[in-house]
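Protein sequence lines correspond, in order, to chains V and P.
Heads up: the first sequence is residues 1 to 80, going by the numbering used here.
Heads up: the second sequence is residues 1001 to 1413, going by the numbering used here.
Here's the structure, in structure tokens; my notes come after.
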Amino acid sequence: MSEAELKALLLDGLRKIAPEADPAMLRGDQNIRETLDIDSFDFLSFLIALHDKLGVEIPEADYGKLNTLDAMLRYLVPKV
Amino acid sequence: MADFVMPSLGADMESATLVKWHVKPGDAVKRGDIIAEVDTDKGIIDVECFQSGIIEKLVIEPGAKIPVGALLAVIQGGEAPVAAATPVPAPVAVTEVPHIHVSPLAKKIAAELGVDLNKLVGHGTGPGGLIDREDVEQAAKPVSAPQTRVRVSPLARRRAEELHVDVTHIQGSGPDGAIEAADIERAAAPHKPSDAMRRAIAAAMAKSKREIPHYYLQTRIDMSALLSWLQAENQKRSIKDRLLPVVPLLKALAKALRDVPQLNGFWIDGQHRVSEAIHLGFAISMKGGGLVAPAIHDVDKKSCDELMTDLRDLIPRARSGRLRSSEMTDATITITSLGDLGVETVFGVIYPPQVAIVGLGKIMEQPWAKDGMLGVHPVMTASLAADHRATDGHLGAQFLEALNRHLQTPDQP
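What follows is the structure, given as structure tokens:
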């Protein structure tokens, strides 16, 4: 999967949990949860959806590496 | 026979619109079955039945706006409700009628349809006031929403057709309630549930601050033990089964309420009523603003996995406006957690007629002195706002201390 495809998939997942925000306007270095007002429940739902699509098991200890779109891509690209 | 009335789905609710029946006359229902959907300020609510029996008659048709306590349906047989959420109107005394002037066919049909012939006395349309077949069948039909002649201006009628608006459900603002074009435009405008919800919250919170003398306590709790336990638990689990920190927190809250039950209950008619069951109202913020606090039932009896499953079910339903009536009415205390936003302390406003609300802040790394040593620990501030008519600060302090104690031993059942 290319980085562009992965980014599209991430934005699609974010749109599902934050439909009233516009994830497409999210800058790569912005904190996703703060910018889109995503609580821990929604964030977990997002990660579960990601796991279903990509088969990537993200340990809880790595949640901190997924704060921005850029960080997510850095973390996920080598795994998919 | 029992009356099924529009339940009060919150301290702030006065009426609701019946959207749909899920049952028809003759259907068997049991306590807890969803029998209708109503539209309220807090979205569409699935209304559950309070008792078991057979639906005898549906009194109201979909589309009608009904006040709390009004008769919706009649349920035959089954046991009486254990505790109805709303006062049922006092039964009307039935006068003994020695002889009923009724045709044999009507009598037979009345028996089949479960129509009480006593109620038709004096309303017979047959010869000499005879109650005939038609009268009985009419009595068995659900009563329509009150139909009044609707006056609509020609321009309004044209706009209604263009905008696909049903004029029968619109309140006109013209002379004598006539519907004008502006009324149609207003009805066709996108429905903003947050406006109605805002008003409902305003009413409940104003009532709370007007009537309930709140007292406030807060305590800082070392969360090291809980987070270590949670981390070990989650390491064993696939992402789908992982627990959020709020789950063992809910569990500890339920245990603390077992120790100090006085905070779990209601203040009604000048009396403090402690609840045996522990149903935690969990405040959930809505995406477009506003909040609901549906009940998570019997938290003390559930495992962490069951509570996580409940949250997964409840949160999306709350946000899409699909809660059940019991979830709207059963909460015995409310929990508000603003920790996700980085807030350190939240002091809640009690949701009447409850007597307490617990506020949970963000778990933050903070300097923490223990055994004469200074270290960095994850710390959470828990607060309690409680009704001073029902309890005193001493008891509130015992509750927060019990919460602290249970959070230090999350592995205890």
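Yeah, the Cβ is synthetic: ideal placement off N, Cα and C, and Gly gets one too.
Because the structure is a prediction, the values reported are computed rather than measured.
- Just measuring C-alpha positions, the residue of Asn1234/P, Val1358/P, Met1013/P and Ile1212/P sitting nearest His1272/P is Ile1212/P.
- The alpha carbon of Ala1386/P has as its nearest neighbour, out of Ala1283/P, Ile1239/P, Ala1106/P and Gln1218/P, the alpha carbon of Gln1218/P.
- His1394/P: member of the alpha helix (DSSP H) spanning Gly1393 to Leu1407, first to last residue.
- The shortest C-alpha to C-alpha distance from Pro1261/P to any of Ala1402/P, Lys1207/P, Val1167/P and Arg1389/P is the one to Ala1402/P.
- Pairing Leu54/V with Val1165/P, the inter-Cα distance amounts to about 46 angstroms.
- The CB of Gly1393/P never comes closer than 7 angstroms to any CB in chain V; the least such distance is about 31 angstroms.
- By the C-beta criterion, the region 1365-1379 of chain P is judged not to be in contact with the region 66-79 of chain V, since fewer than 3 inter-stretch pairs fall below 8 angstroms.
- Counted as a single uninterrupted DSSP element, the beta strand (DSSP E) harbouring Met1373/P occupies residues Met1373 to Asp1387.
- Identification of residues in the region 1223-1245 of chain P having a C-beta nearer than 8 angstroms to some C-beta of chain V yields Gln1231, Asn1234, Gln1235, Ser1238, Ile1239, Lys1240, Arg1242, Leu1244 and Pro1245, given in sequence order.
- Identification of residues in the region 34-45 of chain V having a C-beta nearer than 7 angstroms to some C-beta of chain P yields Asp39, Ser40, Phe41 and Leu44, given in sequence order.
- Chain P places a beta carbon closer than 8 angstroms to that of Glu60/V, counting this residue as a contact.
- Here Arg1237/P carries a coil assignment [DSSP, helix/strand/coil].
- If you ignore the 5 residues before and after Ala1256/P, its C-beta comes within less than 7 angstroms of the C-beta of Phe1399, Ala1402, Leu1403 and His1406, all in its own chain and listed in chain order.
- The straight-line gap separating the alpha-carbon atoms of Pro1062/P and Asp1003/P is approximately 18 angstroms.
- In the same chain as Gly1053/P, and ignoring 5 residues on each side of it, the C-beta atoms closer than 6 angstroms to its own belong to Ile1075, Gln1076, Gly1077 and Gly1078, in chain order.
- Shown here for Glu1056/P: same chain residues with a beta carbon closer than 6 angstroms to its own, the five before and five after excluded, namely Val1074, Gln1076 and Gly1114 in chain order.
- The bridge partners DSSP lists for Ala1016/P are Ile1066/P.
- Secondary structure at Arg1220/P: strand, using DSSP grouped into helix, strand and coil.
- In the three-state reduction of the DSSP assignment, Tyr75/V falls in the helix class, which pools H, G and I.
- Only residues of its own chain outside the window of five on either side were considered, and among them Trp1267, His1272 and Val1355 have a CB closer than 6 angstroms to the CB of Ala1390/P, listed in chain order.
- Counting along the chain, Arg1151/P sits inside no alpha helix (DSSP H), nor does DSSP assign it H or E at all.
- Across the region 1259-1290 of chain P, CB contacts with chain V closer than 7 angstroms involve Lys1287 and Gly1288, in sequence order along the chain.
- Judged by their CB atoms, Arg1151/P and Gly1177/P are nearer to each other than the 8 angstroms cut-off.
- In terms of beta-carbon proximity, Leu10/V stays away from the interface with chain P, with every pair separated by 8 angstroms or more.
- Counting along the chain, Gln1138/P sits inside the alpha helix (DSSP H) bounded by residues Arg1133 to Ala1140.
- The C-beta distance from Asp1298/P to Ala1196/P rounds to 30 angstroms, too long to fall under 8 angstroms, and the pair is not in contact.
- Look at Gln1076/P here: in three-state DSSP terms it is strand.
- Note: Asn1118/P is not bridge-paired with any residue in the DSSP secondary-structure output.
- With a cut-off of 8 angstroms on Cβ pairs, the region 35-52 of chain V is in contact with the region 1223-1243 of chain P, counting three or more such pairs.
- Residue-level contact by beta carbon fails for Ile1335/P and chain V, as no gap is shorter than 8 angstroms.
- At least one CB atom of chain V sits nearer than 8 angstroms to the CB of Asp1340/P.
- Taking 4 residues as the shortest admissible run, the region 1021-1058 of chain P contains no complete alpha helix (DSSP H) segment at all.
- Between Leu1163/P and Pro1410/P, the C-beta gap is not smaller than 8 angstroms, which leaves the two residues out of contact.
- Asp62/V sits exposed, since fewer than 16 C-beta atoms from the chains shown fall within 10 Å of its C-beta.
- C-alpha of Trp1021/P to C-alpha of Asp1183/P: approximately 28 angstroms in a straight line.
- By the Cβ neighbour-count rule, Ala4/V is exposed, with fewer than 16 other Cβ atoms within 10 Å of its own.
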